[in-house]
Structures are given as structure tokens and as C-alpha cells.
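**Q** Residue numbers for the sequence shown follow my numbering, so the first one is 2 and each next one is one higher. Take this structure first; my questions come after.
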Amino acid sequence: RTLATLLSGGVPMLESLKITSSTAGNVILEDRIVLARTMVSEGGNLTDALREKAFFPIMITQMVSVGEATGNLDSMLGKVADFYDDEVETAVGALLSILEPILLIFIGGLIGSIVISMYLPVFSLMQQF
């Protein structure tokens with residue numbers, strides 16, 4: 002999304018790639034973007050640079066290829082970012098739907114053990130009488 006925003010704002014490709022690599026937040030991704038920037042600065046296109054080490058998914062390289070061919074790279078990168086935002090949202094939703102019952106069972110067990118530990122002395126006193 003960063004690269005799409007920078008390109009749509011008129012920032013040159015090499016500068017956009019430099020900024021994007023520094024904001025990646027992932028060392029491996031940063032290295033791949035720096036490699037792509039180097040290849041683009043040497044006259045290659047972004048699609049070939051992204052395909053170089055087979056790090057990026059095929060869909061990304063295909064969308065970048067279409068964006069470069071049509072001159073709408075920023076728009077295509079925005080669509081890729083939207084797609085992956087939806088993917089993350091779906092994955093988080095699935096994780097939460099699994100995590101919710103597990104937490105409910107854990108908290109129920111915790112409360113049950115507290116109740117049992119509170120009433121156990123009372124029951125032992127009742128057995129003495």
C-alpha cells in the first residue's frame with residue numbers, strides 16, 4: 002500500500018521503492034525491495050525485479066505486470082493491498098472464532114476450580130459433624 006500511495010502521489014519509482022523498503026518492518030522483505038530497486042535502477046522493470054528470487058506471490062507479480070503494461074501501476078498495487086487486507090481480516094476472523102470457545106472453556110475451568118476450592122473446606126467441615 003505504501004508503494005501505491007507514493008506512486009499515485011507522483012513520487013518517482015526509485016524513491017518510492019527506497020521509502021517502501023525502509024518502512025517494510027521486515028528485514029527479508031526490505032532486502033527484496035532493495036534488490037528490486039537495484040534492478041530497476043539498472044534499467045529493468047519492476048515485474049522482473051519482483052520475480053527474480055520468487056519471493057513475492059505470483060498474483061502480485063502478475064498484477065504489477067498488468068499495472069506496468071497499462072500505466073496504472075499505482076491502481077494495481079492498491080488493488081493488491083486491498084486483497085491482502087481482506088485476506089488478513091479473514092484470517093483474523095477465523096482465528097478469533099477458534100480462540101473464543103477455547104478462552105470460554107479456560108475461564109469456565111478457572112472459575113470452577115475457584116468455586117471448588119472455596120467450598121471444599123465447607124464440605125469437609127460438614128462431614129465431621
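The beta carbon of each residue, even a glycine, is placed where N, CA and C say it ideally should be.
So, does the stretch 38 to 56 touch the stretch 101 to 117, judging by three or more C-beta pairs under 8 Å?
**A** Too few Cβ pairs lie closer than 8 Å, so no.
**Q** Within the chosen definition, does the stretch 4 to 22 reach the stretch 72 to 88 through at least 3 CB pairs nearer than 8 Å?
**A** Verdict: yes, contact present.
**Q** Taking all protein chains shown into account, decide if S125 is buried (16 or more other Cβ within 10 angstroms of its Cβ) or exposed.
**A** It is exposed - the Cβ of S125 has fewer than 16 other Cβ atoms within 10 Å.
**Q** Give the list of continuous alpha helix (DSSP H) stretches no shorter than 4 residues that lie fully inside the stretch 14 to 79.
**A** Counting only runs of 4 or more, we get 14 to 23, 28 to 42, 47 to 52, 59 to 71.
**Q** Can you tell me the Cβ-Cβ gap for S66 and T91, rounded? I've got them flagged as a contact below 8 Å.
**A** Contact flag wrong, Cβ pair sits at about 26 Å.
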